[in-house]
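First up is the structure itself, then whatever we jot down about it.
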Amino acid sequence: ILNVEQSPQSLHVQEGDSTNFTCSFPSSNFYALHWYRWETAKSPEALFVMTLNGDEKKKGRISATLNTKEGYSYLYIKGSQPEDSATYLCAFMGYNNNDMRFGAGTRLTVKP
Amino acid sequence: DVKVTQSSRYLVKRTGEKVFLECVQDMDHENMFWYRQDPGLGLRLIYFSYDVKMKEKGDIPEGYSVSREKKERFSLILESASTNQTSMYLCASIHRGTGELFFGEGSRLTVL
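If you're matching them up, the sequences are chains P and E in order.
So the first sequence is residues 309 to 420, counted in the working numbering.
So the second sequence is residues 128 to 239, counted in the working numbering.
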């Protein structure tokens, strides 16, 4: 079973702080790395799907980088807001699209 | 707006009862998935289906079965519910082009 690990498990920051978390994954058989945001009482929603080594993607104040050779991805949030409070999940996808492995998530709480 | 709909948000069942969790997607996706989410463990794959009447076991299929009689509907069945099946269950389908998963809002099952 492939291991996808996320750190930290939880994070509490003040409004306006910038923050980042890590996803590590096996570097073999890599096809894509996904980031999802899961707010309480809602469905997880895709933030990024990244496929190329060195990829950097950005959506508003959130950005992500990918290193497939060493098997890690970083998610950055600039100037955190209370509405960013959620669990952030990463998922490793192997060449078989059905092989999608999730990390345990990072639970972010942004205090006003 | 694309949608994955799970039939029940909250269920309470007794040990030994048969439980059906229904999932419907309106995006004509071929691949559908059932996950369970438990604290500290992330999303774990129970079963997936890549076409009507086709199914594959995921990482934790024991105690579960599935049914895919129509492309849009993927059902998870607990033949005889047990207390260790108390969990949040998430259904998802995958966009073949982007690889992005679309999730339902989840079904929180409590087995007493």
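Cβ atoms here follow ideal geometry from the backbone N, Cα and C, with glycine treated the same way.
Model, not experiment: these values are computed from the prediction.
With a threshold of 7 Å between beta-carbons, can residue 226 (chain E) be considered close to chain P, or not? On the second sequence, residue 226 (chain E) is found 99 positions in, with the first residue counted as 1. Answer yes: the Cβ-Cβ gap between residue 226 (chain E) and chain P drops below 7 Å somewhere.
Who does residue 385 (chain P) pair with in a DSSP beta bridge? In the first sequence, the residue the question calls residue 385 (chain P) occupies position 77. Residue 385 (chain P) is bridged to P:327 and P:370.
DSSP three-state call for residue 210 (chain E): helix, strand or coil? As a position in the second sequence, residue 210 (chain E) is number 83, starting the count at 1. Note: residue 210 (chain E) maps to helix in three-state DSSP.
Whole angstroms are fine: how far does the CA of residue 311 (chain P) sit from the CA of residue 133 (chain E)? Translated into the one-based positions of the second sequence, residue 133 (chain E) becomes position 6. Translated into the one-based positions of the first sequence, residue 311 (chain P) becomes position 3. Using only the alpha carbons, I get a separation of about 28 Å.
Count the CB pairs spanning the segment 317 to 329 of chain P and the segment 196 to 212 of chain E that are closer than 8 Å, and state whether there are at least three. no
In or out: residue 392 (chain P) buried (at least 16 other Cβ within 10 Å) or exposed? Indexing the first sequence from 1 puts residue 392 (chain P) at position 84. Taking all protein chains shown into account, residue 392 (chain P) has 16 or more neighbouring C-beta atoms within 10 Å of its C-beta and is therefore buried.
With the cut-off set at 7 Å, would you say residue 140 (chain E) and residue 208 (chain E) are in Cβ contact? The sequence position of residue 140 (chain E) within the second sequence is 13, counting from 1. The sequence position of residue 208 (chain E) within the second sequence is 81, counting from 1. Yes, Cβ-Cβ distance for residue 140 (chain E) and residue 208 (chain E) is below 7 Å.
Using only the alpha-carbon positions, how far apart do residue 273 (chain P) and residue 143 (chain E) sit? Residue 273 (chain P) lies beyond the residue range present for chain P, which begins at 309 and ends at 420; the question has no answer from this structure.
With 16 other Cβ atoms within 10 Å as the buried cut-off, status of residue 172 (chain E): What you label residue 172 (chain E) is simply residue 45 of the second sequence in a count that begins at 1. With 16 or more Cβ atoms within 10 Å of its Cβ, residue 172 (chain E) is classed as buried.
For a quick check, are the C-beta atoms of residue 327 (chain P) and residue 385 (chain P) less than 7 Å apart? On the first sequence, residue 327 (chain P) is found 19 positions in, with the first residue counted as 1. On the first sequence, residue 385 (chain P) is found 77 positions in, with the first residue counted as 1. In contact: residue 327 (chain P) and residue 385 (chain P) (Cβ atoms closer than 7 Å).
Going by alpha carbons, who is nearest to residue 232 (chain E) out of P:331, P:340, P:349 and P:341? For this step, residue 232 (chain E) is matched to residue 105 along the second sequence. Taking only the C-alpha atoms, the option nearest residue 232 (chain E) is P:349.
Spatial neighbours of residue 179 (chain E) within its chain, please: C-beta separation below 8 Å, excluding the five flanking residues on both sides. As a first step, residue 179 (chain E) is located in the second sequence; it is residue number 52 there, counting from the start. Hits under 8 Å: 195, 196, 197 and 198.
What is the rounded straight-line gap between the Cα of residue 187 (chain E) and the Cα of residue 161 (chain E)? The residue you call residue 187 (chain E) lines up with position 60 of the second sequence. The residue you call residue 161 (chain E) lines up with position 34 of the second sequence. One alpha carbon belongs to residue 187 (chain E), the other to residue 161 (chain E), and they sit about 10 Å apart.
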